[in-house]
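Since the structure comes first, as structure tokens, the remarks are kept for the end.
Chains as they are written, first to last, in my numbering: chain R, 63 to 394; chain F, 6 to 267.
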């Protein structure tokens with residue numbers, strides 16, 4: 063598929079674009095802080111700053127909503143960055159962070175820890191380790207005969223993903239009924255658990271910094287290995303870096319929020335449309351856009367049927383599917 | 006100062022491209038590499054660029070083994086225009102041309118005005134200067150080919166490796182591009198070009214390398230390009246038409262009898 067961004071106006075004004083994204087990020091956090099089963103008036107925000115807010119609102123915002131919004135922002139930014147990198151690695155604008163089966167390995171490990179009745183810390187840890195195990199499996203299988211091609215990598219990832227899928231189904235079948243609900247939430251992507259955000263946030267900062275350092279090389283990789291090589295880019299080394307970087311970012315997101323779908327596919331698409339394919343702009347813009355939109359989606363997920371909460375993955379898919387189909391139509 | 010081959014043996018898919026080839030390409034020379042489809046012309050160019058390993062022998066860039074250069078150092082001295090490019094993620098024409106500056110710009114820096122001026126000049130040379138803000142997906146095949154050349158001109162290496170640079174170009178654009186390159190390679194630059202048309206090779210290249218299933222013939226263009234060599238190379242009778250200025254090679258099949266009206 064050939065992907066043609068045709069909105070070039072924002073591309074000419076990156077400063078305005080980033081200013082708008084910062085405003086969007088700020089808006090998403092304010093929206094998340096004020097909205098929920100209990101709505102907080104806007105005025106309370108200024109009371110919070112002057113330390114005159116009621117303890118109830120204070121606790122609601124600082125103990126519940128802000129940490130959750132922060133987690134959503136981190137997960138959204140991680141998935142979007144991972145999506146951009148995976149699209150470069152596979153030189154395909156339809157690639158997403160889960161295409162190589164990282165989420166499957168992670169989900170299986172998370173479900174097994176739920177099955178064993180382990181706590182939130184172990185759940186996060188095992189999800190992360192499951193993702194890493196999956197990454198190394200894909201890498202070593204795809205590399206087995208020296209060098210790798212995109213098709214071998216993709217095929218290895220897809221085959222492993224279907225293997226993980228079968229094992230996940232098996233775990234769901236044998237799991238006791240009272241644990242199934244939590245497992246399904248995790249599989250669809252869920253931010254309602256209070257999980258430690260800091261490790262994932264550190265991964266986000268390091269991943270963003272690392273990918274920005276190689277961002278011009280990413281632009282050149284889009285032209286193919288031979289062109290990259292003739293311009294002095296060691297494409298084999300760079301591909302390995304991109305593979306591990308995007309996998310690590312995905313592992314950070316999954317261990318924080320489960321398998322949230324569509325963010326890693328649609329956000330890079332959307333931002334490519336708006337600002338083009340220069341990764342020096344695309345990477346930070348995708349992180350900000352993905353982060354903000356996941357904060358907004360998660361706030362809606364816990365509000366629409368309040369007090370009942372929806373898994374945020376359901377909402378991102380419900381928004382993502384029509385948006386993606388629309389972008390696909392526009393792309394020709 | 007030269008790009009030298011020392012007993013270079015290259016094969017692809019079990020088929021020999023060259024055996025024990027020793028020769029050198031020097032600044033001021035414009036080489037044409039010719040041979041039938043699949044004989045390994047592009048493979049040889051990739052070997053010369055250090056993107057593919059030879060079976061044996063060495064490529065020396067300015068007396069130093071090519072493979073000891075860091076990729077980025079090599080890209081400052083040598084550039085390759087490929088036969089085909091991938092365009093899955095289009096950008097503007099200017100962005101595409103500016104990637105030629107990659108070997109010269111630090112990884113944490115952006116291209117400066119000098120780089121942009123070089124890109125503009127390159128676009129001007131290939132008559133694409135009015136296209137700089139257009140998406141590359143809106144370009145025709147011939148325009149894309151000129152864009153690829155502009156990227157290489159922006160890189161501006163000492164050794165230009167060109168894989169069929171006039172593909173998709175109309176006849177005037179072919180002459181324009183080859184005149185531009187010929188002019189460039191009269192100075193301190195060296196051109197090594199894969200080309201199929203013996204008439205263009207005769208007119209623009211000063212040296213020729215013929216690849217014939219592992220056997221290589223090289224030398225000055227005017228002595229190498231003759232009916233005997235070309236007929237053997239392409240396994241097809243080639244005749245010549247000559248006047249005071251030009252020699253024109255006309256290939257024809259054995260069973261075809263050309264008349265003046267054909």
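For every residue, glycine included, the Cβ atom is placed at its ideal position computed from N, Cα and C.
Check	Outcome
Cβ-Cβ distance between residue 64 (chain F) and residue 13 (chain F) below 8 Å	yes
Interfacial residues, the stretch 137 to 161 of chain R to chain F, with Cβ spacing under 9 Å	149, 150, 153, 154 and 155
Cβ shell of residue 245 (chain R) (< 7 Å), same chain only, five flanking positions each side left out	173, 176, 234 and 237
Contact with chain F by residue 286 (chain R), beta-carbon distance below 8 Å	yes
Continuous alpha helix (DSSP H) assignments of at least 4 residues falling wholly in the stretch 289 to 353 of chain R	297 to 319 and 325 to 337
Chain R contact for residue 30 (chain F) (CB, 8 Å cutoff)	no
Range of the contiguous alpha helix (DSSP H) that encloses residue 136 (chain F)	First-last for residue 136 (chain F): undefined, no H or E at that position.
CA-to-CA distance, residue 74 (chain F) to residue 80 (chain F), given in whole angstroms	9 Å
Residue 293 (chain R) at chain F interface by Cβ criterion, 8 Å	yes
Stretch pair the stretch 356 to 369 of chain R + the stretch 334 to 342 of chain R: three plus CB contacts closer than 8 Å	no
Proximal residues, the stretch 74 to 98 of chain F versus chain R, C-beta separation under 9 Å	75, 76, 77, 78, 79, 80, 81, 83, 84, 85, 86, 87, 89, 90, 91, 92, 93, 94, 95, 96 and 97
Beta bridge counterpart(s) of residue 138 (chain R) as assigned by DSSP	Its beta-bridge partners do not exist; DSSP assigns none.
Residues bridged to residue 74 (chain F) [DSSP beta-bridge criterion]	Per DSSP, none; premise fails for residue 74 (chain F).
The stretch 311 to 325 of chain R in contact with the stretch 99 to 116 of chain R per 3-pair CB rule at 8 Å	no
Cβ of residue 66 (chain F) within 8 Å of any chain R Cβ	no
Residue 282 (chain R) at chain F interface by Cβ criterion, 8 Å	yes
Assigned secondary structure, residue 375 (chain R) (DSSP; H/G/I helix, E/B strand, else coil)	helix
Whole-angstrom distance between residue 45 (chain F) and residue 18 (chain F), CA atom to CA atom	10 Å
The ligand SAH heavy atom lying under 7 Å from the CB of residue 239 (chain R)	No copy of the ligand SAH occurs in the structure displayed, which carries no ligand at all.
Span of the alpha helix (DSSP H), counted from its first residue to its last, around residue 236 (chain F)	232 to 239
Helix, strand or coil at residue 15 (chain F) [DSSP, three-state]	strand
Whole-angstrom distance between residue 217 (chain R) and residue 247 (chain R), CA atom to CA atom	28 Å
Buried or exposed (CB count within 10 angstroms, at least 16 for buried), residue 211 (chain R)	exposed
Distance, residue 221 (chain F) Cα to residue 248 (chain F) Cα	29 Å
Bounding residues of the beta strand (DSSP E) (the contiguous stretch that carries residue 35 (chain F))	35 to 39
Whole beta strand (DSSP E) elements within the stretch 138 to 217 of chain F, 3-residue minimum	164 to 168, 195 to 199 and 212 to 217
With 16 other Cβ atoms within 10 Å as the buried cut-off, status of residue 263 (chain R)	buried
Straight-line Cα distance separating residue 209 (chain F) from residue 254 (chain F)	14 Å
Interface residues of the stretch 134 to 160 of chain F facing chain R [CB-CB below 8 Å]	138, 140, 142 and 160
Bridge-paired residues (DSSP) for residue 63 (chain F)	F:11
Bridge partners - residue 29 (chain F), DSSP secondary structure assignment	F:9
Those residues which DSSP pairs with residue 272 (chain R) across a bridge	For residue 272 (chain R), which the question treats as bridged, DSSP gives no partner whatsoever.
Burial state of residue 48 (chain F) (16 or more Cβ within 10 Å)	buried
The stretch 307 to 314 of chain R in contact with the stretch 193 to 200 of chain R per 3-pair CB rule at 8 Å	yes
Pairwise C-alpha distance: residue 123 (chain F) and residue 137 (chain R)	42 Å
Nearest-angstrom Cα separation, counted from residue 110 (chain F) out to residue 161 (chain F)	13 Å
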